[in-house]
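Quick notes on the structure that follows.
4 protein chains.
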Amino acid sequence: VRHLLYDDYSEGAHPAILDAIREANSGQEMGYGHDSHSALAARRIIGALGVDADVQFVSGGTQANLIGLAAMLRPHEGVVAAQTAHINVNETGAVEATGHKVITLPSADGKVTAAMIDEACALHTDEHTVKPRVVFLSQATERGTVYSVDELHALVDHAHRVGLLVYLDGARLAMAVAAWSPSMLHDLAALGVDVLYIGGTKNGGLFGEALVLCNPAIRTDFRYIMKQRGGLLAKGRAIGAQFARFFADDGLWLKLGADANASAHRLGTGLAAAGIELVQPVVTNQVFALLDDAVVEPLSRQFGFYVWERRGDGQSVVRLVCSWATPDEAVDEFIAAASPVAGSR
Amino acid sequence: VRHLLYDDYSEGAHPAILDAIREANSGQEMGYGHDSHSALAARRIIGALGVDADVQFVSGGTQANLIGLAAMLRPHEGVVAAQTAHINVNETGAVEATGHKVITLPSADGKVTAAMIDEACALHTDEHTVKPRVVFLSQATERGTVYSVDELHALVDHAHRVGLLVYLDGARLAMAVAAWSPSMLHDLAALGVDVLYIGGTKNGGLFGEALVLCNPAIRTDFRYIMKQRGGLLAKGRAIGAQFARFFADDGLWLKLGADANASAHRLGTGLAAAGIELVQPVVTNQVFALLDDAVVEPLSRQFGFYVWERRGDGQSVVRLVCSWATPDEAVDEFIAAASPVAGSR
Amino acid sequence: VRHLLYDDYSEGAHPAILDAIREANSGQEMGYGHDSHSALAARRIIGALGVDADVQFVSGGTQANLIGLAAMLRPHEGVVAAQTAHINVNETGAVEATGHKVITLPSADGKVTAAMIDEACALHTDEHTVKPRVVFLSQATERGTVYSVDELHALVDHAHRVGLLVYLDGARLAMAVAAWSPSMLHDLAALGVDVLYIGGTKNGGLFGEALVLCNPAIRTDFRYIMKQRGGLLAKGRAIGAQFARFFADDGLWLKLGADANASAHRLGTGLAAAGIELVQPVVTNQVFALLDDAVVEPLSRQFGFYVWERRGDGQSVVRLVCSWATPDEAVDEFIAAASPVAGSR
Amino acid sequence: VRHLLYDDYSEGAHPAILDAIREANSGQEMGYGHDSHSALAARRIIGALGVDADVQFVSGGTQANLIGLAAMLRPHEGVVAAQTAHINVNETGAVEATGHKVITLPSADGKVTAAMIDEACALHTDEHTVKPRVVFLSQATERGTVYSVDELHALVDHAHRVGLLVYLDGARLAMAVAAWSPSMLHDLAALGVDVLYIGGTKNGGLFGEALVLCNPAIRTDFRYIMKQRGGLLAKGRAIGAQFARFFADDGLWLKLGADANASAHRLGTGLAAAGIELVQPVVTNQVFALLDDAVVEPLSRQFGFYVWERRGDGQSVVRLVCSWATPDEAVDEFIAAASPVAGSR
């Protein structure tokens, strides 16, 4: 069997999530998220965050981002993001298709900084340019890095001080929280993030993401925009049941994030021990490793993964993504296969 | 228990569909619809239709419509539809949010006619108006009616002759095919419908709809538009497995449509026998009944349903929707409760 | 020479307007409407209206409408209009291209009523439909009719009471004011119209329209939206000078509207005297006359005009538009040529 | 008097252009560009270019760009441009507001290269990213530089070879042609540029730009998109007359471009002689000069100009733009005032 390390959605759903869907299946419920499971999920998420909020569920990450941002922006307003941000490089211009510019700034580690916000504001000062209005953060970032609570605190404060709102893409929030501390979830809301998206799909869900509207001003008519963009699922219980299960007392959501991180750490540590350079320290469930081009091709017959950057000097950066379901054997086999010693034998 | 006759998505998924999701859950698969289950589902759908086509899966009906139409239209082109069409009255301006006008014409029974197409074309003849480009049909319509194969044949021919494409919204296609003849599915494709959406959600699916691109010109880059609009599900197997099951040899998809129709016929026949006027003959799974206003309020405490039209003369039209899961007892109880004799006792 | 009665922009600019452009031409001025002529025009318009307002200039009517409405609406909000409204039938879906639905209701005389607003609101009550947010009025309407001050007062009050804003398209406002009373201009602003567009092009301007933002909430970042939609003219003085001249002490703007009306009245009276039915009383500068089809074709070789409606019973409604520049001879020749007596000779 | 060197539209129109507008003013003409002056202008432009083309007129540059690009792109397609491109930094996200991403690449001199096109294509290879479809060139660029005919030839060939179309923004095309050779206009069309915009406003026009559709495929329904975006001027003769005059036998259009260039050369040469560094060689009518911050503030009381870049090291780049109307005295006064010797006195 060829193991896939492309991403964290090559697996199916975690068995407990499937069970939750099945248990929620019988009987009639109101449609479009007005069901008892979605209500329970929302209560549990609000409990975990410790703030008052409106929680809505959509079926995927691009949907979460395009809906959340469309609800926050007037037509001439733009969103400030790192050049590596998912909305900039992996969503086929979904934000632009709602009419808004993504204002990007270079970032080596995938993080936005206060200086980047300032630069974006300095470059956009009058009606001949778009007006920066939202700062887009990913936690974890597309490079697998994590903002500390202090970093987030400073960023949110800074954004608000200069008149910008904060949207946090948490497709891999479970991994970030697991890498940092369970208390981060609580901190996030307390810090004043305006809209937060809590990922399900990449963390063992079958599908579905939770949009948490912390800022009351953004709640007005939010469901209209969900519906207009195709984001209001008829049988809303199918997502509600998953999130109710994720945030049940046993802390499944956080546990799955920790499992994914653990696999990636095993992988990173093994590769480093074999003398392979990691271009980014492993913090969450993504490993960015520098491999000889001569190794990449044979490896890709044995494993599925993406070449992130061809350096043109005989080496390439590959991205390896682990999930809650990645078996230790797959990790160990990859390390063995990629190891230069193995190659020289 | 209060029975809901609001719609055909207050139920969960049919058990066989849930089983299919579970069976498809283990192991790794490529994401975004490049999995073996989606491939199998596509092959089975193509087999059922008997034409070459590209089949793609999205999570809901508004998504299907907005993506399908966005792919068919240049910016200045519009879509011709009946005033009652779902895209006109139930999707929060989703089509307009992609930049396109919905050109509507009155229709008593929810059907579009060749004369309506001609009228739309006659009213839009130069660059000061949008250009009609797609005819939007629903099969079954929002009034529960069904186009015959001959009607469809004539409509598609007419549309093509005047330079328009045809998009068929089949959210309730199973009910329409079951009401007419299994061969209709085969006919549909043969007739030259350009894009066809085969509904899953309202026919016992957990979620998901199939977009069938019959016209090769529309296939180009179609998946870009799906992704851009948030319609490319990461774990595509979750929808693929459902449609593979729907179109397995036992004909589940058609059977569920027939079951829904049968419940509605039982309901309609019973109401008529009790002297209640049906404003539309019952063809598929929707019943439009004329009730005294004095009856509507107490009934709505016992059953969930929508008031479709308040006539202002002491009577109202209510819409009653049955599904594959509607129990006979619910139907019989409703008839008894709505019956004027019961009321007079 | 073949006289054109197609519309009120087949003429060039009024000589005084051309003179104003020439006088404003020398010397340097700041661009994009920050010039002294635009400032003077704004002051004069504010003076004429008697309210505080922000006045901005754009080059044409479709631009005025799409910019004004885009600034007033969130993505899921729609605009309520008569089916005959210019934004519905003559602007190639410009409003839809900004993402918004135009909610139309039938209107025999081109006017919106409070009952129509109520009906639109009654049909759009939850997140499955767009949310009515702006009422679009034309003064004069596309049928040449004029709202009285009392009608406007009631409409604006009603719209505000049910939570809607009011946008008034005044492409032919001069004709409406001239038909009613000079004081109407003052009344309009006092009534609480939120955004008002004062037409220049159809009233003797070379090009250009004034957008008057009475409601302070709509002024925020309005110029961003103008720029984004291509509506900020680099040499803004070219429009500013025209409107400064229109609203100079001699009342040119109102006078030109009155001249256009006078020609239309001469035309309407003459046609009626010749026994030709007018399907709409002549109030402003448009005449809708019922002619035998046999007359229409030969007439259209002598004069330019549009056939508004082919009745299919041997008669057609033609639209005849007069302007400040229409010579009496043209009017008299048309009457003579269209007159049945003349035809029978 | 405080001379303005902000841009090339602080002047009014050239007197000959105003005369042309006045001469075209009398009599009736069909609206929306179907007038005799627009037809004459189109014929003359086609003659100057030496190719068959469809020529349309719009009122400003942002309109030209957003309309031209909207007509060339399907929803998921993007436009490749230099980071300095006008559509990226000076049009308030107008292109994004039509739904399309601007894919930007760094460029020191404002030019796009074949390598940049290749890089954009290499980064956008599947349905998770937008699809590059149009290369946006400015001639002259926003940095005042000019593509040689050989450069353009190679770029257009390269773009077409990799499946991209070419749009050329010629807001300052007169200056580029004047800087290179009159034959460039002829070459441009022969090279296969798909859409070309010939600037009027910045070259002595009152307002208005010409869109030249060389590629027949783009002509289909182009006027619909013009109208939809507010770009179809009712009294089209007002622009047509200007362009008919620009391209009359005396070569006014080219002459005005040459005059603007000559002033800029006088300015650049004088500044250089005074020991002031020019960060970009002066090719057209823009001068980018490096000034001590201590000089910038007093200078800006005497002259209007933009600070382009604050280096933070005590020096700033200022942009100085000349036009056909810039008097030699203004140039000489600026040189004297900016000169370090003068400052030291």
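Protein chains in written order, with our numbering: chain D, 237 to 581; chain U, 237 to 581; chain R, 237 to 581; chain V, 237 to 581.
All residues carry an ideal CB built from backbone N, CA and C; glycine is no exception.
Kindly identify the DSSP beta-bridge partner or partners of residue i.
| i | result |
| --- | --- |
| S636 of chain U | Outside the modelled stretch of chain U, which goes from 237 to 581, sits residue 636 of chain U, for which no answer is possible. |
| L401 of chain U | U:V370 |
| R555 of chain D | D:F524, D:Y542 |
| H239 of chain U | U:F539 |
| G406 of chain U | U:I434 |
| L359 of chain D | According to DSSP, L359 of chain D bridges with nothing at all. |
| L514 of chain U | U:A525 |
Going by alpha carbons, who is nearest to residue i out of the options?
| i | options | result |
| --- | --- | --- |
| L373 of chain U | U:H389, U:T365, U:E363 | U:H389 |
| F293 of chain U | U:G286, U:L276, U:V287 | U:L276 |
| D255 of chain U | U:A480, U:C558, U:A350 | U:A480 |
| L401 of chain D | D:Q264, D:A446, D:L432, D:F524 | D:L432 |
| S575 of chain R | R:D362, R:A407, R:L503 | R:L503 |
| A252 of chain U | U:G399, U:D486, U:L469 | U:D486 |
| Y268 of chain D | D:I475, D:Q516, D:G248, D:D243 | D:I475 |
| K463 of chain U | D:A446, D:T298, D:V519 | D:T298 |
| A289 of chain U | U:V315, U:A278, U:G296 | U:A278 |
| V531 of chain R | R:E363, R:R546, R:N521 | R:R546 |
| Y460 of chain D | R:E363, R:N521, R:I461, R:G548 | R:E363 |
| F458 of chain U | V:E313, V:I339, V:L514 | V:E313 |
| G380 of chain D | D:R397, D:L409, D:D393 | D:L409 |
If you draw a straight line from the alpha carbon of residue i to that of residue j, how long is it in whole angstroms?
| i | j | result |
| --- | --- | --- |
| V348 of chain R | A344 of chain V | 56 angstroms |
| G493 of chain V | L305 of chain R | 38 angstroms |
| T562 of chain R | R310 of chain R | 43 angstroms |
| S499 of chain U | Y245 of chain U | 15 angstroms |
| H270 of chain V | G472 of chain V | 7 angstroms |
| S262 of chain R | G467 of chain D | 56 angstroms |
| A453 of chain D | M308 of chain D | 9 angstroms |
| S580 of chain D | P342 of chain D | For S580 of chain D, the pLDDT reaches just 46, beneath the cut-off of 50, and the residue's location in the model is therefore unreliable, although a value from the coordinates is still provided. Distance between the alpha carbons of S580 of chain D and P342 of chain D is about 38 angstroms. |
| G329 of chain D | M411 of chain R | 46 angstroms |
| H501 of chain R | T320 of chain U | 42 angstroms |
| A578 of chain D | R280 of chain U | Per-residue confidence for A578 of chain D stands at a pLDDT of 47, beneath the threshold of 50, marking its modelled position as unreliable; the derived number appears in the next sentence. For A578 of chain D and R280 of chain U, the distance between alpha carbons rounds to 45 angstroms. |
| P368 of chain U | A356 of chain U | 7 angstroms |
| V291 of chain R | L421 of chain R | 15 angstroms |
| A350 of chain D | T456 of chain V | 48 angstroms |
| V371 of chain U | D393 of chain U | 12 angstroms |
Taking the beta strand (DSSP E) that residue i falls in, what are its first and last residues?
| i | result |
| --- | --- |
| V431 of chain U | 431-435 |
Identify the continuous alpha helix (DSSP H) that holds residue i and give its terminal residues.
| i | result |
| --- | --- |
| R537 of chain D | 529-538 |
| A474 of chain U | 473-482 |
| L490 of chain R | 488-509 |
| L273 of chain R | A small correction: the amino acid at residue 273 of chain R is His; Leu does not occupy that position in the sequence shown. Run containing H273 of chain R: 272-285, per the alpha helix (DSSP H) assignment. |
| R547 of chain U | R547 of chain U -> no alpha helix (DSSP H), and no H or E assigned at all. |
| V567 of chain U | 564-574 |
| R379 of chain V | Neither: R379 of chain V is in no alpha helix (DSSP H) and is coded neither H nor E. |
| L254 of chain D | 251-259 |
Kindly examine the ligand MG and report whether one of its heavy atoms sits closer than 7 angstroms to the Cβ of residue i.
| i | result |
| --- | --- |
| T437 of chain U | This structure does not include the ligand MG; it has no bound ligands of any sort. |
**Study point:** Secondary structure, alpha helix (DSSP H): runs of 4+ residues fully inside the segment 288-350 of chain R
**Key:** 297-308, 322-325, 330-333
Exercise for review: Enumerate, from N- to C-terminal direction, the unbroken beta strand (DSSP E) stretches of 3 or more residues contained entirely within the segment 436-466 of chain V.
Suggested key: 445-449
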